[in-house]
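Protein chains in written order, with my numbering: chain A, 1 to 425; chain B, 1001 to 1299.
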């Protein structure tokens, strides 16, 4: 028997509509009581003035293991996750080897069970080696533990392969997640195509590279009836098309990353490779559209696309650097800043974007506070002033553009299966 | 001592004027005006892209000012694993240069480098971004023939998308109130160029671009279209090659500037033959301007 009492916090659970000040009692890794006050426990956590929410889910991270352990491991990635307030993360299959077989899936599940400090759910590849040609054994990977399929970073260019993958995904009741990028349109690109890329002499990735694949996939989703999810949506047109698909009753969902709604392509003026990712940072008008999509519900979830790269690879001229930035530890801070402090959405809506939103897509059975349910709890605050330091990051990689950025509000303590796995020091 | 010269965009009119004015001293009396102001200074020319013209003029300029110049040429794309920062540190291992002149195929390479080393950097061309000293050379050449840049009509023709020379020229000319028309095939003329500076117009029609022009700057036809669908050489010349008929649309004393040597891809043989109006070689101004830049950066 072990117990934990989280005291005096403001408990917000979007799934049940709960918003009260009180205690959460946890016993043996399960939530024993929500609300009220008093009682005793082995351990207490004073959450006075803090928000107590269901454990946050990041449905899009790269843990780099197996194969790229110099950048991140399942263990270090999970430590960064809990420092960012996440209790559940889903890792993309672009490892070495690619997670395109139950063997690799089993490896990830087993490593996570031994070493991770939060829950880790793997996402399997759509095609073998993510080569876009032959379908991976989707059913066997599901049996081994994958919760979705995606060839993230290597979009499936062949529409016929995409169609068949969608049919299999539907038959196995898995969502298909697409990184939408027409590789012919984006070829050679360094950043968003627009006035800034022209001025800086950097090669552009047009918004249309994303839009044409979103459009194609929505049509194929209609044809196949798959649950289709757009990863890291970043353009005005993509937001509009997803909204339209939803209006028509299609099972289409989408996520946005904090960097795509917090900053724009204007950041590239210093040629700092920490601003280089795919999709690229877009124009101010796209950022506004993504925020509007979050407000309207076209966007269901916030995901970080945490993409660690070792320093050696990022300390080069921009066009030689790999794409991607870390994001787990800055997600809550950026989201509060861009969405809540700015008055765009309510706190409950923000929490749902990190909980019921991704859970509705992946059907993990998480993302809510239930008496008797798994005690995953995220405690954060709205008003502490803190500065992010990538040197202090728990991730193995430090490639964040937000080093030195001042935040208002952020993670305070993270509870996974009833155990405090991280707290602010 | 200044931090270096990374681009024209960050300079103001007075700074440009000062450099161009000083270049005139070096142009008229290269030896008497000079002395050896940069005696004891070491300048490293670090060229990650072949360019004998630019490198030679920097070397000559440094020597005329009394500085020591060392040139290191290597290919950025082949063999090097660490990128410009590692390569530069390696090159610097045995030297403590007072300035580095950097030519690099990656846009922003000097800006990136400037954040990591203290040595002043003179940008001798970065990718498709800027080539500030070349724009200064062109401006010096124009000022040798026109009292002012203000109000001049300048057409820049060719692969604007990938041209650092075009960008630096646009920034410089716009700061002095010239009217600039950029002209090229649509795939090499992104719409964003119109926002590069005030007074910039875009057109895909060469006749429209050269109408009433005082200056026509011809850029080289891309030989490597990289990710773009190539345009055939014949089709390119038919629509973007400069012929006598175009010169009849421009001002009578129009000046045509071409990087040379003439290949027949950008200028017709007839145009190339008009000596009074075609400038292929700005070797003297190239040295004079780079002397002024080195002095400006190092003194």
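Ideal Cβ positions, reconstructed from N, Cα and C, are used throughout, including at glycine. Model, not experiment: these values are computed from the prediction.
1) For residue 37 of chain A, count the other beta carbons within 10 Å of its own beta carbon; 16 or more makes it buried, fewer makes it exposed. Which is it?
2) Can you tell me whether residue 1078 of chain B is helix, strand or coil according to DSSP?
3) With a floor of 4 residues, list each alpha helix (DSSP H) that falls wholly inside the region 188-232 of chain A, ordered by position along the chain.
4) Less than 8 Å between the CB atoms is what I'm expecting for residue 87 of chain A and residue 170 of chain A, so what's the real figure, rounded?
5) If contact means a Cβ-Cβ distance below 7 Å, which residues of the region 300-315 of chain A contact chain B?
6) Would you check if the distance between the CB atom of residue 1154 of chain B and the CB atom of residue 1214 of chain B is smaller than 8 Å?
7) Classify residue 1161 of chain B: buried if its beta carbon has 16 or more other beta carbons within 10 angstroms, exposed otherwise.
8) For residue 450 of chain A and residue 277 of chain A, I'd like the C-alpha separation in whole angstroms.
9) Considering only the alpha carbon of each residue, which of B:1144, B:1073, B:1105 lies closest to residue 1028 of chain B?
10) Could you give the DSSP three-state label for residue 174 of chain A: helix, strand or coil?
11) CA-CA distance, residue 50 of chain A and residue 367 of chain A?
12) Counting only Cβ pairs nearer than 7 Å, list the residues of chain B close to residue 270 of chain A.
13) For the region 199-212 of chain A, list every residue whose C-beta sits within 9 Å of some C-beta in chain B, in sequence order.
14) Just the C-alpha distance for residue 129 of chain A and residue 177 of chain A, rounded to the nearest angstrom, thanks.
15) Can you find a CB in chain B that lies within less than 8 Å of the CB of residue 279 of chain A?
16) Since residue 318 of chain A meets chain B, which of its residues come closer than 8 Å, beta carbon to beta carbon?
17) What does residue 1128 of chain B touch in chain A if you count any residue whose Cβ is under 7 Å from its own?
18) Three-state secondary structure (DSSP) at residue 326 of chain A?
19) Using a Cβ-Cβ cutoff of less than 8 Å, which residues in the same chain neighbour residue 274 of chain A once the five nearest sequence positions on both sides are dropped?
20) Here's a check: name, in chain order, each residue in its chain whose Cβ is nearer than 6 Å to the Cβ of residue 1196 of chain B, leaving out the five neighbours to either side.
21) How many whole angstroms separate the CB atoms of residue 1083 of chain B and residue 1105 of chain B, which I take to be in contact at a CB cut-off of 8 Å?
22) Hey, would you say residue 440 of chain A sits closer than 8 Å to residue 217 of chain A, going by beta carbons?
23) Assign residue 1084 of chain B to one of three DSSP states: helix, strand, or coil.
24) How about residue 254 of chain A: is its C-beta nearer than 8 Å to some C-beta of chain B?
25) Output, in sequence order along the chain, the residues in the region 1140-1170 of chain B whose CB is closer than 7 Å to any CB in chain A.
26) Does the pairing of the region 64-73 of chain A with the region 26-43 of chain A give three or more beta-carbon distances under 8 Å?
27) Under the assumption that residue 1228 of chain B contacts residue 1187 of chain B (Cβ atoms under 8 Å), give the Cβ distance between them as a whole number of angstroms.
28) Mind checking who residue 1243 of chain B pairs with in its DSSP beta bridge?
29) Check the Cβ of residue 1226 of chain B against every Cβ in chain A and list those closer than 7 Å, keeping chain order.
30) Going by alpha carbons, who is nearest to residue 182 of chain A out of A:122, A:78, A:152?
31) Among the residues of its own chain, which have a CB less than 6 Å from the CB of residue 1280 of chain B, if the five just before and after it don't count?
32) Classify residue 221 of chain A as buried or exposed, calling it buried when 16 or more other Cβ atoms lie within 10 Å of its own Cβ.
33) Is residue 1218 of chain B helix, strand or coil when you go by DSSP?
34) Closer than 7 Å by beta-carbon distance: list the chain B residues that pair up with residue 194 of chain A, in chain order.
35) Under 8 Å between the Cβ atoms of residue 254 of chain A and residue 230 of chain A?
Inspection of the coordinates gives the following:
1) Numbered from its first residue, the first chain carries residue 37 of chain A at position 37. With a 10 Å radius around the Cβ and a threshold of 16 neighbouring Cβ atoms, residue 37 of chain A comes out exposed.
2) Taking the first residue of the second chain as 1, we reach residue 1078 of chain B at position 78. The pLDDT assigned to residue 1078 of chain B is 49, lower than 50, so where the model puts this residue is not dependable, and the model offers no usable value.
3) DSSP runs (the alpha helix (DSSP H)) wholly in the region 188-232 of chain A: 195-200, 207-224.
4) As a first step, residue 87 of chain A is located in the first chain; it is residue number 87 there, counting from the start. As a first step, residue 170 of chain A is located in the first chain; it is residue number 170 there, counting from the start. Their Cβ separation, rounded to whole angstroms, is 29 Å, which puts residue 87 of chain A and residue 170 of chain A out of contact at 8 Å.
5) Listed by position along the chain: 315.
6) Locating residue 1154 of chain B in the second chain gives position 154, counting from the first residue. Locating residue 1214 of chain B in the second chain gives position 214, counting from the first residue. Taking 8 Å as the cut-off, the Cβ atoms of residue 1154 of chain B and residue 1214 of chain B count as close.
7) Counting from 1 along the second chain, the entry for residue 1161 of chain B is found at position 161. Burial call: buried.
8) Nothing can be reported for residue 450 of chain A: it is not among the residues displayed for chain A, which extend from 1 to 425.
9) Position 28 of the second chain holds residue 1028 of chain B. Of the candidates B:1144, B:1073, B:1105, the one whose C-alpha sits nearest the C-alpha of residue 1028 of chain B is B:1144.
10) The residue given as residue 174 of chain A occupies position 174 in the first chain. Collapsing the DSSP output to three states places residue 174 of chain A in coil.
11) For the purposes of this step, residue 50 of chain A is taken as the residue at position 50 of the first chain. For the purposes of this step, residue 367 of chain A is taken as the residue at position 367 of the first chain. In a straight line, the C-alpha of residue 50 of chain A is about 18 Å away from that of residue 367 of chain A.
12) Within the first chain, the letter at position 270 stands for residue 270 of chain A. For the C-beta of residue 270 of chain A, the chain B residues within less than 7 Å are, from N- to C-terminus, 1111.
13) Per Cβ criterion, the list reads 199, 200, 201, 202, 203, 204.
14) Reading the first chain from its first residue, position 129 is the one you call residue 129 of chain A. Reading the first chain from its first residue, position 177 is the one you call residue 177 of chain A. Our two residues, residue 129 of chain A and residue 177 of chain A, have alpha carbons roughly 16 Å apart in a direct line.
15) The sequence position of residue 279 of chain A within the first chain is 279, counting from 1. Interface flag for residue 279 of chain A against chain B is unset, since no Cβ pair is found closer than 8 Å.
16) If you number the first chain from 1, residue 318 of chain A lands on position 318. 1106, 1107, 1108, 1112, listed in chain order.
17) Position 128 of the second chain, counting from 1, holds the residue named residue 1128 of chain B. Under the 7 Å cutoff, chain A gives 201.
18) As a first step, residue 326 of chain A is located in the first chain; it is residue number 326 there, counting from the start. Coil, per DSSP.
19) Indexing the first chain from 1 puts residue 274 of chain A at position 274. If we look at residue 274 of chain A and ignore the five residues flanking it on each side, its Cβ neighbours are 314, 325, 399, 400, 401, 403.
20) On the second chain, residue 1196 of chain B is found 196 positions in, with the first residue counted as 1. For residue 1196 of chain B, where only same-chain residues beyond five positions count, the Cβ hits under 6 Å are 1170.
21) By one-based count along the second chain, residue 1083 of chain B stands at place 83. By one-based count along the second chain, residue 1105 of chain B stands at place 105. Actually they do not touch by this definition, with Cβ atoms about 12 Å apart.
22) What is shown of chain A runs 1 to 425, which leaves residue 440 of chain A out entirely.
23) Taking the first residue of the second chain as 1, we reach residue 1084 of chain B at position 84. Looking at residue 1084 of chain B - three-state DSSP - the assignment turns out to be helix.
24) Position 254 of the first chain, counted from the start, is the residue given in the question as residue 254 of chain A. Look at residue 254 of chain A: its C-beta is not under 8 Å from any C-beta on chain B.
25) Of all residues in the region 1140-1170 of chain B, 1164, 1167 have a Cβ within less than 7 Å of some Cβ in chain A.
26) As far as the Cβ criterion goes, the region 64-73 of chain A does not touch the region 26-43 of chain A, which means the pair count is below three.
27) Taking the second chain and counting its residues from 1, one reaches residue 1228 of chain B at position 228. Taking the second chain and counting its residues from 1, one reaches residue 1187 of chain B at position 187. Your pair residue 1228 of chain B and residue 1187 of chain B checks out as a contact, with CB atoms roughly 5 Å apart and the cut at 8 Å.
28) Position 243 of the second chain holds residue 1243 of chain B. According to DSSP, residue 1243 of chain B bridges with nothing at all.
29) Here residue 1226 of chain B corresponds to residue number 226 of the second chain, with the count starting at 1. Under the 7 Å cutoff, chain A gives 188.
30) Mapped onto the first chain, residue 182 of chain A falls at position 182. For residue 182 of chain A, the closest C-alpha among the options A:122, A:78, A:152 is that of A:152.
31) Here the question's residue 1280 of chain B lines up with position 280 in the second chain. Correct list, in chain order: 1258, 1260.
32) Here residue 221 of chain A refers to the residue found at position 221 of the first chain. By the 10 Å Cβ count, residue 221 of chain A comes out buried.
33) Mapped onto the second chain, residue 1218 of chain B falls at position 218. Of the three classes helix, strand and coil, the one that applies to residue 1218 of chain B here is strand, per DSSP.
34) Along the first chain, read from residue 1 onward, the residue named residue 194 of chain A stands at position 194. By Cβ distance, chain B contributes 1192.
35) What you label residue 254 of chain A is simply residue 254 of the first chain in a count that begins at 1. What you label residue 230 of chain A is simply residue 230 of the first chain in a count that begins at 1. A contact, by the Cβ cut-off of 8 Å.
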